[in-house]
Each structure stands twice: as C-alpha cells, then as structure tokens.
C-alpha cells in the first residue's frame, strides 16, 4: 500500500467495479452514493480507470451528503465532510478536484463558524 499525494484530486475506479473514489491526502476515499457525487463534482466524466487502485491506502469514506459550502459575504469555499470543514485553498484546487462552483451552498456565516476546521485542501499539495 502507498500514500499517493501526486494523485490528489483524481476520481478513480477499478475497471468494471461500481465504486468510485476520490484521492485525497494521498489516500482513496470512497464516494458513498450518486447524491454525494453530484453534490460535489461537475459531472461523471474524467473518472480514471486504474487496475492498481487497491495499491493506494484507503482513507475515511466521504460522508453521505458531503457538500461544498461558503458563508455569505466570504470568498472561502469549504468541503463539509465527516463533521469538519476543509478550506479549498484556490481555484486551481477546485479544478484539480473537479469540484463544481455551481454546487456551492451559500449559508449563514454562523453555520460555517460552528463547524470544526479540518486540514486544508490544496493543489499542489
């Protein structure tokens, strides 16, 4: 098994298998369902088929219903997942992770402030 930070942001799948993973912090994180996938990503294109996917360490799956969120009046965008908010560091990171600007939920600042901080998502790492 290996940590593969060079693959961060890619969505990957074993050929012929239904499960899709996001490579994040060098580990594969299962995307639990189509609703969660559609909450985050632009579309279903660009998923990398890799027969060696099981050689990548497994991380915590994304939460069911993980979302992108932004406090009204603030430029920072966050991935809300596993009970924490993770700042998405730049537009380049949004692009690398194939995250959809149009799926950001705009919420009251108090909601964002009430969520514990997690590690920043940045590309390049």
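Residue numbers (UniProt numbering): 1 to 125. A virtual CB, placed ideally from N, CA and C, is assigned to each residue, including glycine. Treat the numbers as computed from the prediction; the structure is a model and nothing was measured.
Just grab the DSSP bridge partners of residue i for me.
i: residue 113; result: In the DSSP output, where bridge partners are listed per residue, residue 113 has none listed.
i: residue 99; result: 41
i: residue 105; result: 69
i: residue 86; result: 79
i: residue 121; result: 88
Within 10 angstroms of its Cβ, does residue i collect 16 or more other Cβ (buried), or is it exposed?
i: residue 1; result: exposed
i: residue 110; result: exposed
i: residue 120; result: exposed
Taking Cβ to Cβ, would you say residue i is nearer than 8 Å to residue j?
i: residue 31; j: residue 20; result: yes
i: residue 82; j: residue 76; result: no
i: residue 86; j: residue 47; result: no
i: residue 3; j: residue 50; result: no
i: residue 62; j: residue 104; result: no
i: residue 99; j: residue 88; result: yes
For residue i, collect the residues of the same chain with a Cβ closer than 7 Å to its Cβ; drop the 5 residues on either side in sequence, then sort them by chain order.
i: residue 66; result: 36, 39, 40, 79, 80, 81
i: residue 59; result: 24, 25, 27, 28, 29
i: residue 117; result: 84, 85
i: residue 125; result: 5, 8
i: residue 92; result: 123
Cutting at 6 Å between CB atoms, please list the residues of its own chain near residue i, excluding the five before and the five after it.
i: residue 7; result: 23
i: residue 97; result: 9
i: residue 14; result: 53
Cutting at 8 Å between CB atoms, please list the residues of its own chain near residue i, excluding the five before and the five after it.
i: residue 179; result: Any question about residue 179 goes unanswered here, given that the chain covers just 1 to 125.
I'd like the ranges of any beta strand (DSSP E) spanning at least 3 consecutive residues and lying wholly in the segment 10 to 80.
As far as the segment 10 to 80 is concerned, its whole beta strand (DSSP E) runs of at least 3 residues are 11 to 13, 20 to 24, 27 to 31, 67 to 71.
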